[in-house]
Amino acid sequence: AYTASREAPRAVDRQSSFDPLPATSPLPLTLSDFTRRVQQDRTQAVRGRTVLLTGFVTPDKGHRDSWYLTRIILNCCAADAQSVKVRVHGAAPPANTWVSVTGTWHPGGTLGTASAAAALDARAVRTIDRPVNGYTDDLPLVPSR
Numbered sequence: 069a070y071t072a073s074r075e076a077p078r079a080v081d082r083q084s085s086f087d088p089l090p091a092t093s094p095l096p097l098t099l100s101d102f103t104r105r106v107q108q109d110r111t112q113a114v115r116g117r118t119v120l121l122t123g124f125v126t127p128d129k130g131h132r133d134s135w136y137l138t139r140i141i142l143n144c145c146a147a148d149a150q151s152v153k154v155r156v157h158g159a160a161p162p163a164n165t166w167v168s169v170t171g172t173w174h175p176g177g178t179l180g181t182a183s184a185a186a187a188l189d190a191r192a193v194r195t196i197d198r199p200v201n202g203y204t205d206d207l208p209l210v211p212s213r
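When we follow our numbering, the leftmost residue of the sequence shown carries the number 69, and every step to the right adds one.
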């Protein structure tokens, strides 16, 4: 959380078209995919959808009612590390805790444009084990019922 809390969220790569989302609920997405869908998908496919995201907790300095779900992505080595963050509205777990968050897009800006906030209204937050490779932005595992 130390490194990620000192770095602004990175811009995700541009994507010109999107495949339709499956009907799965909650819908597992990577933090990068969620951000792309929120800020670039003109069909607004995430509007009203319950999604499942996974990462570790980073404090949102100056905001008591929100925190960041974060992944640090390494492509080669520590020198190219970048953090991907989604603001989560709800009670914050302790910093550095790995969690899965189920929730819906938190309205802010215009969905499908760069003005849209990569933010989530948390419905459920569950503590999880740190992934084997915590330095990738992998899809969250859907808990078995």
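From the three backbone atoms N, C-alpha and C, an ideal C-beta is built for every residue, glycine too. Nothing here was measured: the structure is a model prediction, and the numbers come from that model.
One or two residues paired with Leu188 in a DSSP bridge: As a working mapping, residue 188 is identified with position 120 in the sequence shown. Per DSSP, Val156 and Trp173.
Test item: CB-CB of Leu188 and Val156 under 8 Å: Taking the first residue of the sequence shown as 1, we reach residue 188 at position 120. Taking the first residue of the sequence shown as 1, we reach residue 156 at position 88. Taking the C-beta atoms as reference points, Val156 is found nearer than 8 Å to Leu188.
Alpha-carbon spacing of Ala184 relative to Tyr136, whole angstroms: Indexing the sequence shown from 1 puts residue 184 at position 116. Indexing the sequence shown from 1 puts residue 136 at position 68. So the alpha carbons of these two residues sit roughly 16 Å apart.
Ser151 - partner residues in DSSP beta bridges: Taking the sequence shown and counting its residues from 1, one reaches residue 151 at position 83. Its beta-bridge partners are Ile140.
Span of the alpha helix (DSSP H) around Leu99: Here residue 99 refers to the residue found at position 31 when the sequence shown is read from its first residue. Residues Leu99 to Gln108.
Euclidean distance between Cα positions of Pro127 and Ala190: Position 59 of the sequence shown, counted from the first residue, corresponds to residue 127. Position 122 of the sequence shown, counted from the first residue, corresponds to residue 190. Near 15 Å, if we compare the C-alpha coordinates of Ala190 and Pro127.
Pro94 versus Val193 - alpha carbon distance: Here residue 94 corresponds to residue number 26 of the sequence shown, with the count starting at 1. Here residue 193 corresponds to residue number 125 of the sequence shown, with the count starting at 1. Looking at the two C-alpha atoms, the distance is approximately 13 Å.
Nearest neighbour of Arg122, chosen from Gly177, Leu89, Arg139 and Ala146 [CA to CA]: Along the sequence shown, one-based indexing puts residue 122 at 54. It should be noted that the sequence gives Thr, not Arg, for residue 122. Ranking the options by Cα distance to Thr122, first place goes to Arg139.
Cβ separation of Gly171 and Val125, assumed to be a contact under 8 Å, to the nearest whole Å: Locating residue 171 in the sequence shown gives position 103, counting from the first residue. Locating residue 125 in the sequence shown gives position 57, counting from the first residue. Gly171 to Val125, Cβ: 14 Å. No contact.
Contact check, Val154 vs Leu89, beta carbons under 8 Å: Against the sequence shown, residue 154 aligns to sequence position 86. Against the sequence shown, residue 89 aligns to sequence position 21. No.
Identity of the residue in Asn143, Val114, Leu142 and Gly158 nearest Arg132 by Cα: As a first step, residue 132 must be located in the sequence shown, where it is residue number 64. Nearest to Arg132 by alpha-carbon distance, out of Asn143, Val114, Leu142 and Gly158, is Gly158.
Cβ distance (whole Å) where Val169 is taken to contact Thr103 below 8 Å: Taking the sequence shown and counting its residues from 1, the one referred to as residue 169 is at position 101. Taking the sequence shown and counting its residues from 1, the one referred to as residue 103 is at position 35. Not a contact, Cβ separation roughly 14 Å.
Close beta carbons around Gln107, own chain, < 6 Å, minus the five adjacent residues each side: Taking the first residue of the sequence shown as 1, we reach residue 107 at position 39. If you ignore the 5 residues before and after Gln107, its C-beta comes within less than 6 Å of the C-beta of Ala182 and Ala184, all in its own chain and listed in chain order.
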